[in-house]
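Participant: Please read through the structure below; I'll follow up with questions.
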Amino acid sequence: MGDRVALSIIGVLSLAIVGVVGVLLLAHDPGRRFSAEVTALPALNAALNATCAALLVVGWIAIRRRRIGVHRACMLAACVASALFLVSYVVYHALAGSRPFGGQGWIRVVYFPILVSHVVLAAVMVPFVLTTVYRALSGRFDRHVPIARRTLPVWLYVSVTGVLVYLLLYHVG
515 MGDRVALSII GVLSLAIVGV VGVLLLAHDP GRRFSAEVTA LPALNAALNA
565 TCAALLVVGW IAIRRRRIGV HRACMLAACV ASALFLVSYV VYHALAGSRP
615 FGGQGWIRVV YFPILVSHVV LAAVMVPFVL TTVYRALSGR FDRHVPIARR
665 TLPVWLYVSV TGVLVYLLLY HVG
């Protein structure tokens, strides 16, 4: 498969992922009751984000030390953690809807900028992560390295802020 076809597939897949998540978040139904079957999913999502962040850091350290096998394993595991997060996130929001932030005062000033930057960068990073992985798996390391250097910090930020959003939403606010 050529780059043009692969990048087209990545674009369509990215739009589909962001579109599904966007519809779930925007289709807020205030009358929807919280589903007890999914109460553990937000904590699972935070754990998956934390796992992804740890794998990204270990993978980055591994490549800096030229341990390519460890790097590859960590980055693919981070992709799996992110994919599992996405499935769990979609299931949770499809069944339970969104939880409003209840915090007042200074914590709102902290929470909302973190949430907005997390959501925007999570949407933006999808095609970059998929392209970075595609270029690595296809052996195009000359094209993988430059995009990976930009993708990693954003992916790491999104993973860490995902945990922060969970902590602020469920344990502070």
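Our numbering numbers the first residue of the sequence shown as 515 and each following residue consecutively. In this text, a Cβ means the ideal position worked out from N, Cα and C, and glycines have one as well.
Quick one: what does DSSP say F615 is sitting in, helix, strand or coil?
Facilitator: Numbered from its first residue, the sequence shown carries residue 615 at position 101. Three-state DSSP puts F615 in coil, outside helix and strand.
Participant: Here's the rule I'm using: 16 or more other beta-carbon atoms within 10 Å means buried, otherwise exposed. How should L529 be labelled?
Facilitator: Taking the sequence shown and counting its residues from 1, one reaches residue 529 at position 15. Exposed: under 16 other Cβ atoms inside 10 Å.
Participant: Residues in the same chain with beta-carbon distance under 7 Å from V640, minus the five sequence neighbours each way, listed in chain order, please.
Facilitator: Here the question's residue 640 lines up with position 126 in the sequence shown. The beta carbon of V640 is closer than 7 Å to those of S528, I531, V532 in its chain, skipping five residues each way along the sequence.
Participant: On a CA-only basis, which of M589, F626, Y603 is nearest S612? Give me that one, please.
Facilitator: For the purposes of this step, residue 612 is taken as the residue at position 98 of the sequence shown. Nearest to S612 by C-alpha distance, out of M589, F626, Y603, is Y603.
Participant: Among the residues of its own chain, which have a CB less than 8 Å from the CB of V552, if the five just before and after it don't count?
Facilitator: Here residue 552 refers to the residue found at position 38 of the sequence shown. Taken in chain order, the residues that qualify are V605, Y606, L609, A610.
Participant: Could you tell me how far apart the beta carbons of A554 and S673 are, in whole angstroms, since I believe they sit closer than 8 Å?
Facilitator: Mapped onto the sequence shown, residue 554 falls at position 40. Mapped onto the sequence shown, residue 673 falls at position 159. Actually they do not touch by this definition, with Cβ atoms about 20 Å apart.
Participant: Buried or exposed, going by whether 16 or more other CB atoms sit within 10 Å of the CB of A557?
Facilitator: Position 43 of the sequence shown, counted from the first residue, corresponds to residue 557. Flag for A557 reads exposed.
Participant: Is any heavy atom of the ligand ATP found at a distance shorter than 7 Å from the C-beta of A557?
Facilitator: With respect to small molecules bound, the structure shown includes none, and the ligand ATP cannot be examined in it.
Participant: From the DSSP output, in three-state form, read off G583 for me.
Facilitator: Start at 1 with the first residue of the sequence shown, and residue 583 comes out as number 69. Reduced to three states, the DSSP call for G583 is helix.
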